[in-house]
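Novice:
Numbering (our numbering), first residue to last: 75 to 587.
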C-alpha cells in the first residue's frame, strides 16, 4: 500500500486556504455508484470513513481549522488606534521669564494616534500564517496516509495469520489421519510402534502451532479493532445543542435507561468473554478432527481451494480480507508511479519545501527589524478660562508623526538573521535528503516486489506442484509398503511449510505494493 497511498494524496492542493479540512480524504471512492451494495465496496467505504472520522484524523483536521482561522485573522490584522484624554491644571504665573510660557495649561486634551508598521512587515507575518496552514494541511494528509497504511497492513496480516491457522488445522487433521492409519496397521501387525509415535508427535506439533497461531490471530484482531471501533466527536457547534437536548430528556428517560445501564455494567465485567465471542474464535479441541470441514475450508494456495474465513474472524473483517485482493488488483492496473515524480508529489518533500519557504520569510522579517515603524497623531486642546488671564481662552489643534528608531533591536538583529539563514539551509538539506531517501525506498520496494512476485510464481508453478506430487508418491509408497511412515510425514511437512511460505510471500508482496 505504500506507493498507492502516496500517489493518491499528493494531488491535494497546497495553497487553498478556504477549503474545509473534512473535504480531504486519502481514498475517494469515485468508482462507487450510489446504488452499489455496501458489501461490494466495504473496504473502500471503511477506508474512507477511517480517513474522515478517526480521532487521529480529527485531531489533525482541527489543527488545520485552527491554522486556517489564524491565517484569516492575520490577513486582517493591523495595529489598533489609540485614544487618549489628558486633564491639566497649571496655575497662571505673571512672572514667568518667557512670554510663551505664560499661556495657561489648564484644560483638557483629546488625542488620537495610529501606529503604522513599515510597509511589508504585516504581509510577511500573514505569509508565515499561510505557510503554517499549508503545513497543517500536509500533516493532515500524511496522517491519513499513515492511518490507512496501518489499517491495510493489519488486514493483510490478519489474512496471513488466518490462512496459516486454517492450513495448520488442515494439515494437523491429515497428520492425525496418518497416525490413525499407523495405529491401525500396528494393531494388525503390519507396522511398527515407532511409526505410531512419530505420527502422534507430528500431530501434537501441529496442535501446538495451531494454539500459537490462534493466539496471535486474536491479538491481531484486537489491534485491528483500534481502526474500526472509535468514538464519534461531534463538531463544537453541534455539541452544545446535543447537550441541551440530552439534559431535557434525561429526566424522562432515567427509568428506561436503568436496565440498559445494568446491562452495560454486566458487559463491562465480561470484556474478555465479549472479545472472544466477537471474534468467534474456534474453541474446538485441536486433537479432535473437524468432521464438518468441507473442501471450501482449505486455505487458499492449497490444492483444494479457498477457506471459509467466517469460522474464526468477524464477518466484516472477513469481507475486508477478501476485498483487499480486488483492491490490490485495481492498484496493479493503475499507471505505475515513477520514482522521478517523488520531488513533485511527495508529501514529505512538500513539507520540507514549506519549511524552506518559512525560513526565507522569517529571514525577510528579521531584516524588517532594521527599518523604522511610524505613528501619526492628532490632538485637540480645549482651554478653560483662568482669572487674570490676559489672553483669550482659545482652543488649538496639534498634529505630528513619530518614528521608532531601531537602535536596541538592531544590536541583536544579526543573530536573528543568522538563525533564519540556518533554518532555511536546514530545510534545503532536509528536502534533498527526503527526496534521496524516498527514491531509494521506492526503488528498494519495487525490487522487493518484483523479487517476491517471481518467488511466488516459482512456488505456484514449480515448488507446490512438485511437493504435492512428492506427497502423493510417498502416500502411495507407504500404502503399498515400499516406504516407511517417516517419508510420508516428511512429505506432508514439506508441503505444509511450502504452503505457509506461499501465504507469507503473497502477503509480503501485497504489502510491498
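Just so you know, even glycine gets a beta-carbon here, dropped at the ideal spot from N, CA and C.
Which one of 559, 485, 423, 447 has the shortest CA to CA distance from residue 271?
Specialist: Working through the chain shown from its first residue, we reach residue 271 at position 197. Closest option to residue 271, Cα to Cα, is 559.
Novice: Ignore the nearest five residues each way along the sequence and tell me which others in residue 477's own chain have a CB closer than 8 Å to its CB.
Specialist: Taking the chain shown and counting its residues from 1, one reaches residue 477 at position 403. Closer than 8 Å at the Cβ level, and outside the excluded window around residue 477, lie 446, 447, 448, 449.
Novice: So what does residue 188 bridge to, in DSSP terms?
Specialist: Stepping through the chain shown from its first residue, residue 188 is reached at position 114. According to DSSP, which records beta bridges pairwise, residue 188 is partnered with 450.
Novice: DSSP on residue 160, reduced to helix/strand/coil?
Specialist: Within the chain shown, the letter at position 86 stands for residue 160. Residue state, collapsed to three classes: strand.
Novice: Measure the CB-CB distance between residue 561 and residue 541 and report whether it falls below 8 Å.
Specialist: Here the question's residue 561 lines up with position 487 in the chain shown. Here the question's residue 541 lines up with position 467 in the chain shown. No, the pair does not count as a contact, with Cβ atoms beyond the cut-off.
Novice: When you compare the CB positions of residue 216 and residue 421, do they come within less than 8 Å of one another, or not?
Specialist: Counting from 1 along the chain shown, the entry for residue 216 is found at position 142. Counting from 1 along the chain shown, the entry for residue 421 is found at position 347. Yes; because the gap between Cβ atoms is below 8 Å, this pair is in contact.
Novice: Measure how close the beta-carbons of residue 249 and residue 276 come, nearest whole angstrom, since I'm counting them as under 8 Å.
Specialist: Taking the first residue of the chain shown as position 1, residue 249 is located at position 175. Taking the first residue of the chain shown as position 1, residue 276 is located at position 202. The Cβ separation is near 5 Å, so the contact holds.
Novice: In the structure shown, what three-state DSSP assignment does residue 183 receive?
Specialist: Residue numbering aside, residue 183 sits at position 109 when the chain shown is read from its first letter. The answer is strand: DSSP assigns residue 183 an E or B state.
Novice: From the DSSP secondary-structure annotation, give me the bridge partner or partners of residue 571.
Specialist: For the purposes of this step, residue 571 is taken as residue 497 along the chain shown, with counting starting at 1. None; residue 571 has no bridge partner.
Novice: Which same chain residues, not among the five before or five after residue 661, have their C-beta less than 8 Å away from its C-beta?
Specialist: Residue 661 cannot be examined here, being either before or after the span of the chain that is shown, 75 to 587.
Novice: Buried or exposed, going by whether 16 or more other CB atoms sit within 10 Å of the CB of residue 255?
Specialist: On the chain shown, residue 255 is found 181 positions in, with the first residue counted as 1. Classification of residue 255: buried, given that the 10 Å Cβ count is 16 or more.
Novice: Can you tell me which of the three DSSP states residue 304 falls into?
Specialist: Locating residue 304 in the chain shown gives position 230, where the first residue counts as 1. Residue state, collapsed to three classes: coil.
Novice: When you compare the CB of residue 188 with every CB in chain D, is at least one pair closer than 8 Å?
Specialist: The question asks about chain D, but that chain is absent: this structure has only one protein chain.
Novice: State the Cα-Cα distance for the pair residue 182 and residue 453, rounded to the nearest angstrom.
Specialist: Position 108 of the chain shown, counted from the start, is the residue given in the question as residue 182. Position 379 of the chain shown, counted from the start, is the residue given in the question as residue 453. Distance between the alpha carbons of residue 182 and residue 453: 10 Å.
Novice: Specify the secondary structure class of residue 371 as computed by DSSP and reduced to three states.
Specialist: Position 297 of the chain shown holds residue 371. Since pLDDT at residue 371 reaches only 36, below the 50 mark, its modelled position is unreliable, and the value read off the structure follows with that caveat. Reduced to three states, the DSSP call for residue 371 is helix.
Novice: Starting from the C-beta of residue 191, find all residues in its chain whose C-beta is less than 6 Å away, skip the five residues before and the five after it, and write them out in chain order.
Specialist: What you label residue 191 is simply residue 117 of the chain shown in a count that begins at 1. Result list for residue 191: 447, in chain order.
Novice: Cα-Cα, which of 497, 498, 505 is closest to residue 419?
Specialist: Position 345 of the chain shown, counting from 1, holds the residue named residue 419. Ranking the options by Cα distance to residue 419, first place goes to 505.
Novice: Starting from residue 470 and walking both ways along the beta strand (DSSP E), at which residues does that stretch end?
Specialist: As a working mapping, residue 470 is identified with position 396 in the chain shown. From DSSP, the beta strand (DSSP E) with residue 470 extends over 470-477.
Novice: Compute the distance between the beta-carbons of residue 498 and residue 205, then report whether it is under 8 Å.
Specialist: Locating residue 498 in the chain shown gives position 424, where the first residue counts as 1. Locating residue 205 in the chain shown gives position 131, where the first residue counts as 1. Result no, Cβ atoms of residue 498 and residue 205 do not sit closer than 8 Å.
Novice: Three-state secondary structure (DSSP) at residue 580?
Specialist: Here residue 580 corresponds to residue number 506 of the chain shown, with the count starting at 1. If DSSP states are grouped into helix, strand and coil, residue 580 belongs with the helices.
Novice: Can you tell me which residues form a DSSP beta bridge with residue 457?
Specialist: Residue mapping note: residue 457 aligns to position 383 of the chain shown, counting from 1. DSSP, once it has assigned bridges, lists 181 as partnering residue 457.
Novice: Please classify residue 508 as buried or exposed, where buried requires at least 16 other C-beta atoms within 10 Å of its C-beta.
Specialist: As a position in the chain shown, residue 508 is number 434, starting the count at 1. Buried, by the Cβ-count rule.
Novice: Just to confirm my understanding: we take residue 397, look at its own chain, exclude 5 residues before and 5 after, and list those with CB closer than 7 Å. What are they?
Specialist: Along the chain shown, read from residue 1 onward, the residue named residue 397 stands at position 323. Cβ neighbours of residue 397 beyond the five flanking positions: 116, 117.
Novice: What is the residue span of the alpha helix (DSSP H) that residue 387 lies within?
Specialist: Here residue 387 is taken as the residue at index 313 of the chain shown, counted from 1. Counting along the chain, residue 387 falls outside any alpha helix (DSSP H), and DSSP gives it neither H nor E.
Novice: How big is the Cα-Cα spacing for residue 201 and residue 495?
Specialist: Counted from its first residue, the chain shown places residue 201 at position 127. Counted from its first residue, the chain shown places residue 495 at position 421. In a straight line, the C-alpha of residue 201 is about 17 Å away from that of residue 495.
Novice: Using the three-state DSSP reduction, which class does residue 539 fall into: helix, strand or coil?
Specialist: Indexing the chain shown from 1 puts residue 539 at position 465. Note: residue 539 maps to helix in three-state DSSP.
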